[in-house]
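Note that the protein sequences, when read in sequence, are chains A and B. Heads up, the first sequence is in my numbering, so the first residue is 1 and it goes up one at a time. Heads up, the second sequence is in my numbering, so the first residue is 1 and it goes up one at a time. Beta carbons: idealized from backbone N, C-alpha and C, even for Gly. Step one of this worksheet: look at the structure below.
Protein chains: 2
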Amino acid sequence: MIRVVFFDLDDTLVDTSKLAEMARKNAIENMVRHGLPVDFETAYHELLELINEYGSNFGRHFDYLLRRLDLPNNPKWIAAGVIAYHNTKFAYLKSVKGARKVLLELKKDGFGLGVITDGDPIKQWEKILRLELDEYFDEVFISNDLGVKKPHRKIFEKALRKFNVEPHEALMVGDRLYSDIYGAKQVGMRTVWFKYGKYANRELDYLEYADFAIKSLGEVLEIVRGLNLEEKERADKEVHAD
Amino acid sequence: MIRVVFFDLDDTLVDTSKLAEMARKNAIENMVRHGLPVDFETAYHELLELINEYGSNFGRHFDYLLRRLDLPNNPKWIAAGVIAYHNTKFAYLKSVKGARKVLLELKKDGFGLGVITDGDPIKQWEKILRLELDEYFDEVFISNDLGVKKPHRKIFEKALRKFNVEPHEALMVGDRLYSDIYGAKQVGMRTVWFKYGKYANRELDYLEYADFAIKSLGEVLEIVRGLNLEEKERADKEVHAD
Chain A
1 MIRVVFFDLD DTLVDTSKLA EMARKNAIEN MVRHGLPVDF ETAYHELLEL INEYGSNFGR
61 HFDYLLRRLD LPNNPKWIAA GVIAYHNTKF AYLKSVKGAR KVLLELKKDG FGLGVITDGD
121 PIKQWEKILR LELDEYFDEV FISNDLGVKK PHRKIFEKAL RKFNVEPHEA LMVGDRLYSD
181 IYGAKQVGMR TVWFKYGKYA NRELDYLEYA DFAIKSLGEV LEIVRGLNLE EKERADKEVH
241 AD
Chain B
1 MIRVVFFDLD DTLVDTSKLA EMARKNAIEN MVRHGLPVDF ETAYHELLEL INEYGSNFGR
61 HFDYLLRRLD LPNNPKWIAA GVIAYHNTKF AYLKSVKGAR KVLLELKKDG FGLGVITDGD
121 PIKQWEKILR LELDEYFDEV FISNDLGVKK PHRKIFEKAL RKFNVEPHEA LMVGDRLYSD
181 IYGAKQVGMR TVWFKYGKYA NRELDYLEYA DFAIKSLGEV LEIVRGLNLE EKERADKEVH
241 AD
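So this is what it looks like as structure tokens:
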């Protein structure tokens with residue numbers, strides 16, 4: 001019997017990658033508009049390379065971008081980038097299509113709900129609170145707080161302990177076969193791979209750990225209800241067999 | 001003859017202090033709303049003390065606030081503070097009453113216009129660009145870029161050199177008697193003290209360096225026009241005396 005459903009955050013509940021791409025493009029566009037003497041394509045390509053090397057949480061993308069482009073440090077250009085980046089992130093932060101509906105239905109059905117995510121805890125909470133997703137969740141688990149990253153067992157085990165459920169009573173939904181699906185399966189959870197965003201066709205070496213693959217979040221409902229119905233029928237049969 | 005008018009930025013052109021106060025109050029309010037187990041007054045008072053000690057550009061106000069209140073680190077509360085703080089700063093950033101009008105009039109009259117400000121260059125440019133004040137100014141001078149702070153002569157001398165004017169051809173408008181007025185007078189500029197915000201009655205030891213004191217930015221126009229008229233009349237008299 002499934003009693004708890006866990007969700008990954010980025011690109012599962014929140015449309016992070018699409019938003020980040022839009023924010024970065026708008027940032028470069030605004031820098032060019034304010035005098036950055038480089039064409040959009042060159043600057044955008046350089047920014048993507050930089051993010052690839054330094055990570056997306058690096059705090060100094062725009063001044064490093066100027067260095068890489070052999071340009072002088074210019075706070076006006078940097079400010080133009082920062083403004084457009086933040087404006088985009090604030091204005092266009094959205095939950096993934098169908099996310100609210102599925103959370104609400106699961107809540108009504110009495111399931112425990114949790115988030116299991118990597119990333120900077122403050123930034124993750126910012127997304128959750130800005131979208132008011134906190135209303136739906138009993139618990140939010142952020143791997144950084146435990147000093148690990150998914151697929152490390154520690155975060156999944158903590159989540160199970162907190163809800164006081166057995167692994168087979170929990171379902172994990174996430175977009176990444178490695179961190180979400182392999183991670184959850186390791187501790188014995190049921191797993192739903194959400195084929196969405198840039199990981200929809202990656203990390204396929206870990207495909208065997210996915211019990212289900214879905215293309216829309218709404219399917220989680222059918223899966224959970226289906227699993228619990230099967231379980232119920234099996235239990236009923238056992239009663240009759242007695 | 002006045003040919004260039006320089007303006008300080010914070011609390012002269014941009015309503016910085018009022019905004020910061022509003023943003024801090026909203027931050028604490030949102031933290032309390034999301035479960036911070038302390039009353040508003042206690043938390044707000046502690047935040048002000050912290051800012052007093054660590055400065056307003058310290059990047060970790062909210063997690064240090066939790067430490068000072070002997071509370072556990074809680075990214076949800078911090079995120080609640082960060083969100084409300086940023087939302088307020090973005091939504092309520094305003095230029096000081098009358099600023100745009102006076103800049104436009106000076107521009108129409110053919111005066112050179114410059115900003116002379118302290119502070120983090122990117123943050124200062126963010127305010128200028130968000131308010132689209134850059135349209136009015138020929139030059140922006142930020143003391144950090146020269147490794148000094150107002151009233152250091154270096155920043156005022158650079159501004160004069162860049163506009164290629166003599167000190168007596170320049171007027172400095174600012175809210176601080178020490179950094180703006182004493183600073184500008186040191187190098188020989190004419191000075192207008194804008195009695196506004198929290199410095200409206202402070203640093204009075206430097207009052208003697210103010211040629212004029214005003215309570216509304218519009219008065220700058222009358223002052224500049226008056227000074228140039230006097231000058232013209234004096235020049236005319238000299239011609240007649242020849």
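By alpha-carbon positions, which one of B:Y196, B:L227, B:L229 ends up nearest to T12 (chain B)? Of the candidates B:Y196, B:L227, B:L229, B:Y196 places its Cα closest to the Cα of T12 (chain B).
Can you confirm whether L129 (chain B), when its beta carbon is compared against all beta carbons of chain A, has any partner nearer than 9 Å? Yes, L129 (chain B) counts as interfacial toward chain A.
Buried or exposed: V239 (chain A), going by 16 or more other Cβ atoms within 10 Å of its Cβ? So V239 (chain A) counts as exposed.
In chain A, which residues lie with their C-beta within 8 Å of the C-beta of F90 (chain B)? Those are H86, N87, F90, listed as they occur along chain A.
Ordered along the chain, which non-local residues of its own chain (more than five positions away) have a Cβ less than 7 Å from that of R68 (chain A)? Closer than 7 Å at the Cβ level, and outside the excluded window around R68 (chain A), lie E46, L50.
Give the interface partners of E21 (chain B) over in chain A, defined as CB-CB distance under 9 Å, in chain order. Contacts between E21 (chain B) and chain A, judged by CB atoms closer than 9 Å, are missing: the closest CB pair is about 21 Å apart.
Where T42 (chain A) falls: helix, strand or coil (DSSP): If DSSP states are grouped into helix, strand and coil, T42 (chain A) belongs with the helices.
Among A:K150, A:F156, A:K123, which residue has its Cα nearest to the Cα of E139 (chain A)? With respect to the C-alpha of E139 (chain A), the residue from A:K150, A:F156, A:K123 having the closest C-alpha is A:F156.
In chain B, which residues lie with their C-beta within 7 Å of the C-beta of V126 (chain A)? Going by the sequence as given, residue 126 (chain A) is Glu instead of Val. Correct list: A79, V82, I83.
Could you confirm whether any beta carbon from chain B is found closer than 9 Å to the beta carbon of I28 (chain A)? Among the CB atoms of chain B, none fall inside 9 Å of the CB of I28 (chain A).
Using a cut-off of 7 Å between C-beta atoms, extract the partners of I122 (chain A) located in chain B. Those are P75, I78, A79, V82, listed as they occur along chain B.
Against chain A, which members of the segment 142–164 of chain B pass a CB distance test of less than 9 Å? Hits within the stretch, in order: I142, N144, D145.
Give the straight-line distance between the Cα atoms of F141 (chain B) and V5 (chain B), rounded to the nearest whole angstrom. Approximately 13 Å, taken between the alpha carbons.
Burial state of A235 (chain B), where buried means 16 or more other Cβ atoms lie within 10 Å: Result: exposed.
Quick check: the Cα distance between D145 (chain B) and P121 (chain B), rounded to an integer number of angstroms? A direct Cα-to-Cα measurement between D145 (chain B) and P121 (chain B) gives close to 7 Å.
If contacts are defined as beta-carbon pairs under 8 Å, then G173 (chain B) and V192 (chain B) qualify, I think. What distance do you get, rounded to the angstrom? Here the sequence assigns Val to residue 173 (chain B), which means Gly is not the residue at that position. That pair is a contact at about 5 Å.
Taking a Cβ distance cut-off of 8 Å, strictly less, list which residues of the segment 33–55 of chain B are near chain A, in chain order. For the segment 33–55 of chain B, the set of residues with a beta-carbon nearer than 8 Å to any beta-carbon of chain A comprises H34, in chain order.
Please list, in chain order, all residues of the same chain as M189 (chain B) whose beta carbon is under 6 Å from its beta carbon, the five residues on each side excluded. Answer for M189 (chain B): P167, A170, M172, listed in chain order.
Can you tell which of A:F163, A:F40, A:A210 has its C-alpha closest to the C-alpha of D180 (chain A)? The shortest Cα separation from D180 (chain A) among A:F163, A:F40, A:A210 belongs to A:A210.
Please report how far the alpha carbon of S56 (chain A) lies from the alpha carbon of R3 (chain B), in whole angstroms. Between S56 (chain A) and R3 (chain B), the C-alpha separation is close to 47 Å.
Span of the beta strand (DSSP E), counted from its first residue to its last, around V115 (chain A): Taken as a continuous stretch (DSSP letters only), the beta strand (DSSP E) holding V115 (chain A) covers 112–117.
Selected residue, minimal CA-CA separation from W77 (chain B), among B:L9, B:N87, B:S95, B:A27: Measuring from the Cα of W77 (chain B), the nearest candidate turns out to be B:A27.
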